[in-house]
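Here the structure comes first, spelled out in structure tokens, and everything after it is commentary.
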RNA sequence: GCCCCCAUCGUCUAGUGGCCUAGGAUAUCUGGUUCUCAGCCAGAGGACAGGGGUUCGACUCCCCUUGGGGGUACCA
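Structure, rendered in structure tokens:
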């Protein structure tokens, strides 16, 4: 057994949040740095929020990031009821825990009352006679179990904050350890499981700072060793708001409402086009508290013409779908709150592991600014060997199955990646090269591009395109060097800059003013398809009139 | 309301009493390169929240104010 054991203990509520990913990463780095163990546990004691699908998604994200856990058998808290119950029975028999019967409403009233007196509400044990208990039970109340918190000062040393955190005796209160539905609360399960799993170090979010007093009191009552605690600062949005999984849903909701207003379409049109059950979108739009699941979100987005890149990236899965490399995300996340010291920033996973140290973790909250992540990703992609990029592209396509690039073979992907070198994300590669894989007749010409490049200046662009169609037809072999030579010769002849000639070809083959370098693009597209697209473009543009 | 944590360029951060006229990254701006987008190259501007102490000397230590964040659940 290694002498340092960390763990990551998420609740399965869907794809992994970047905040959770960072917590996992720090625990993983700490374990790896010391040659210790990193364990995974699923905290699914909230029956309403936990689903099996969510759990699968969570594990998928951790695997994608490369954060491997060491326990082949995952620990699910929901399957450990018997263990918890036995320990709770022991506490009750020792007088360290007891049943309490107040309803939620009664407790709320007490809290409000305390607040009106400008103090905080603390639950302390009230003595109940057997007669009282019979009466409460007769009323049909199901008790919770509360732990008898010792009324004394509690303190622990926080490894991240670098100081002792103290709770004075008069803040002690008896907290719930078993809910009325029989499930343990988080506070109880976390303490028991960490002890049984041999956890020695716990890095977790700062929202748990004050819970730690409950946990150490429980550890003392149960004779467990106290792990080292470190509370991590929280990751915020750039505007200072909390980064929430709901931001995604909110944004889709807002865009859908705008779309409905603008297009004048009915809600059920969205439902039928997206092939969702009738009423689902209607109910979702009517109720702010509702959320669509991932697949349904995508379906709605397709109908209202919303692109993935318009969504706030909150989940690890969002970054995967938008074409970031996992190692880049890890590097960036690590630097959100941790610094190895000095000016070192770009690090491989190995370097991070080597240098990781809890004392280098910052104490203040950090805002999640994407532009720096983008820069990291650009650099990492530029530095990555081509086969790494092909693998990453395959992975990207596996979570973007609608992309026409799924039809490309590995050699083609490698070629695209090389043509687009300097790209920022794999999504950018996808968006700027998908025209290669779309049937010629499905190329849409961007009206602005057609106007600017082909029609403006008395149709010089169109004229050039017509000439080039004939010139390109003569080029052999169909390779970028030969193509370049032919086109440049034409430029010289006509006293034209290359830009005046390349752009019309670009619009003709890609439908827009953006593509990989033009001669390589022509080579990739092939002679026949290039000439077909030029013809089609000429015909289409003529059909719209205004031809010189 | 009550309790707790935190505070360096827009953002992420380096800095642990003199090395700081505060370093890096990113973003921004200006120039250059290029067939588009991106990239690349060169340069510029930009921060120690405020006020008190302590000290020969404070970005660094202490206190207060302000600001930000968290908790205050039979959620985790």
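Residue numbers (the working numbering): 97 to 644.
Virtual Cβ for every residue (Gly too), placed ideally from N, Cα, C.
8 Å Cβ shell around residue 406 - same chain, five flanking residues per side excluded: The residue given as residue 406 occupies position 310 in the first chain. Excluding sequence neighbours, residue 406 sits near 347 and 351.
Cβ neighbours of residue 270 in the same chain (closer than 7 Å, five flanking residues each side left out): As a position in the first chain, residue 270 is number 174, starting the count at 1. Taken in chain order, the residues that qualify are 219, 220, 221, 242, 243, 244 and 245.
7 Å Cβ shell around residue 108 - same chain, five flanking residues per side excluded: Taking the first residue of the first chain as position 1, residue 108 is located at position 12. Annotation for residue 108: 138, 140, 146, 147, 150, 151 and 154 place their beta carbon closer than 7 Å to its own, counting only its chain and skipping 5 residues before and after.
Stretch-stretch touch, CB-based, cutoff 8 Å, three pairs: the stretch 115-126 with the stretch 445-456: Touching, yes.
Proximity below 7 Å, CB of residue 238 to CB of residue 285: Residue mapping note: residue 238 aligns to position 142 of the first chain, counting from 1. Residue mapping note: residue 285 aligns to position 189 of the first chain, counting from 1. No. Outside cutoff.
Bridge-paired residues (DSSP) for residue 243: The residue given as residue 243 occupies position 147 in the first chain. Note: residue 243 sits in a beta bridge opposite 193.
Closest residue to residue 135 among 115, 142 and 171 (Cα-Cα distance): The count along the first chain starts at 1 and reaches residue 135 at position 39. The alpha carbon of residue 135 has as its nearest neighbour, out of 115, 142 and 171, the alpha carbon of 171.
As assigned by DSSP and simplified to three states, the class of residue 452: Numbered from 1 along the first chain, position 356 holds the residue referred to as residue 452. Note: residue 452 maps to coil in three-state DSSP.
Spatially closest choice to residue 542 from 628, 615, 571 and 637, by CA coordinates: Residue numbering aside, residue 542 sits at position 446 when the first chain is read from its first letter. Of 628, 615, 571 and 637, the residue nearest in Cα terms is 637.
Endpoints, the alpha helix (DSSP H) within which residue 275 is located: Sequence index remark: in the first chain, residue 275 carries index 179 (1-based). Taken as a continuous stretch (DSSP letters only), residue 275 belongs to no alpha helix (DSSP H), as it is neither H nor E.
Integer-rounded CB distance, given that residue 550 should sit under 8 Å from residue 603: What you label residue 603 is simply residue 507 of the first chain in a count that begins at 1. What you label residue 550 is simply residue 454 of the first chain in a count that begins at 1. Their Cβ separation, rounded to whole angstroms, is 6 Å, which keeps residue 603 and residue 550 in contact under 8 Å.
Neighbourhood of residue 618 by C-beta, 6 Å cutoff - its chain only, sequence neighbours within 5 removed: The residue labelled residue 618 in the question sits at position 522 within the first chain. Excluding sequence neighbours, residue 618 sits near 579 and 626.
DSSP state of residue 324 mapped onto helix, strand, coil: Counting from 1 along the first chain, the entry for residue 324 is found at position 228. Note: residue 324 maps to strand in three-state DSSP.
Distance between residue 504 and residue 423 (C-alpha atoms, nearest Å): For the purposes of this step, residue 423 is taken as the residue at position 327 of the first chain. For the purposes of this step, residue 504 is taken as the residue at position 408 of the first chain. Going from the Cα of residue 423 to the Cα of residue 504 covers about 25 Å.
Reference residue 606, options 421, 621, 428 and 310, closest by Cα: Along the first chain, read from residue 1 onward, the residue named residue 606 stands at position 510. When only C-alpha atoms are compared, the closest one is 621.
Residue 486 and residue 509 closer than 7 Å at C-beta: Counted from its first residue, the first chain places residue 486 at position 390. Counted from its first residue, the first chain places residue 509 at position 413. Going by beta carbons, residue 486 and residue 509 fall inside the 7 Å limit.
Cut-off 7 Å between Cβ atoms - residues of its own chain near residue 571, not counting five sequence neighbours on either side: In the first chain, counting from the first residue as 1, residue 571 sits at position 475. Excluding residues up to 5 positions away in sequence, 578, 579 and 582 lie with their Cβ nearer than 7 Å to the Cβ of residue 571 in the same chain.
Check whether residue 430 and residue 448 have beta carbons under 7 Å apart: Taking the first chain and counting its residues from 1, the one referred to as residue 430 is at position 334. Taking the first chain and counting its residues from 1, the one referred to as residue 448 is at position 352. Result yes, Cβ atoms of residue 430 and residue 448 sit closer than 7 Å.
Backbone CA spacing between residue 111 and residue 414 [nearest angstrom]: In the first chain, counting from the first residue as 1, residue 111 sits at position 15. In the first chain, counting from the first residue as 1, residue 414 sits at position 318. Straight-line Cα distance between these residues: approximately 9 Å.
Secondary structure of residue 538, DSSP reduced to three states: Sequence index remark: in the first chain, residue 538 carries index 442 (1-based). In the structure shown, residue 538 adopts helical secondary structure according to DSSP, grouped into three states.
Nearest-angstrom Cα separation, counted from residue 160 out to residue 492: Numbered from its first residue, the first chain carries residue 492 at position 396. Numbered from its first residue, the first chain carries residue 160 at position 64. Roughly 11 Å between the two C-alpha positions.
Distance between beta carbons of residue 158 and residue 197, contact taken as under 8 Å: In the first chain, counting from the first residue as 1, residue 197 sits at position 101. In the first chain, counting from the first residue as 1, residue 158 sits at position 62. With 8 Å as the limit, residue 197 and residue 158 do not qualify as a contact, their Cβ atoms being about 41 Å apart.
Through-space distance from residue 428 to residue 472, alpha-carbon basis: Locating residue 472 in the first chain gives position 376, where the first residue counts as 1. Locating residue 428 in the first chain gives position 332, where the first residue counts as 1. Separation of residue 472 and residue 428 (C-alpha to C-alpha, rounded to the nearest whole angstrom) is 7 Å.
The stretch 307-314 contacting the stretch 466-480, beta-carbon criterion three pairs below 8 Å: A contact is defined here as three or more CB-CB pairs under 8 Å, and the stretch 307-314 fails this definition with respect to the stretch 466-480.
Same chain, Cβ closer than 8 Å to residue 103, five either side skipped, listed in chain order: Taking the first chain and counting its residues from 1, the one referred to as residue 103 is at position 7. Closer than 8 Å at the Cβ level, and outside the excluded window around residue 103, lie 123, 134, 135, 136, 137, 290, 293, 295 and 298.
Terminal residues of the beta strand (DSSP E) in which residue 300 lies: Position 204 of the first chain, counted from the start, is the residue given in the question as residue 300. Per DSSP, residue 300 is one residue of the beta strand (DSSP E) stretching across 297-301.
DSSP beta-bridge partners of residue 113: The residue labelled residue 113 in the question sits at position 17 within the first chain. According to DSSP, residue 113 bridges with 411.
DSSP beta-bridge partners of residue 263: Residue mapping note: residue 263 aligns to position 167 of the first chain, counting from 1. Residue 263 is bridged to 250.
Helix, strand or coil at residue 105 according to DSSP, with G and I counted as helix: Residue numbering aside, residue 105 sits at position 9 when the first chain is read from its first letter. Residue state, collapsed to three classes: coil.
DSSP three-state assignment for residue 583, whether helix, strand or coil: If you number the first chain from 1, residue 583 lands on position 487. Secondary structure of residue 583 (DSSP, three-state): helix.
Sequence-distant residues of the same chain with beta carbon closer than 6 Å to residue 386, five excluded per side: Along the first chain, read from residue 1 onward, the residue named residue 386 stands at position 290. Exclusion of the five residues before and after residue 386 leaves 380 as the residues of its chain whose Cβ lies within less than 6 Å of its Cβ.
Classification of residue 214 by the beta-carbon crowding that lies within 10 angstroms, buried from 16 upward: For this step, residue 214 is matched to residue 118 along the first chain. Residue burial is scored here from C-beta neighbours: residue 214 has fewer than 16 other C-beta atoms within 10 angstroms and is therefore classed as exposed.
Every unbroken beta strand (DSSP E) inside the stretch 131-159 [3 residues or more]: Runs of the beta strand (DSSP E) inside the stretch 131-159: 133-138.
Same chain, Cβ closer than 7 Å to residue 166, neighbours up to 5 away in sequence not counted: Stepping through the first chain from its first residue, residue 166 is reached at position 70. Taken in chain order, the residues that qualify are 133, 134 and 135.
Contact under 7 Å by Cβ, residue 261 with residue 302: Position 165 of the first chain, counted from the start, is the residue given in the question as residue 261. Position 206 of the first chain, counted from the start, is the residue given in the question as residue 302. No. Outside cutoff.
Beta-bridge partners of residue 280, as assigned by DSSP: Residue 280 sits at position 184 when you count from the first residue of the first chain. In DSSP, residue 280 forms a bridge with 274.
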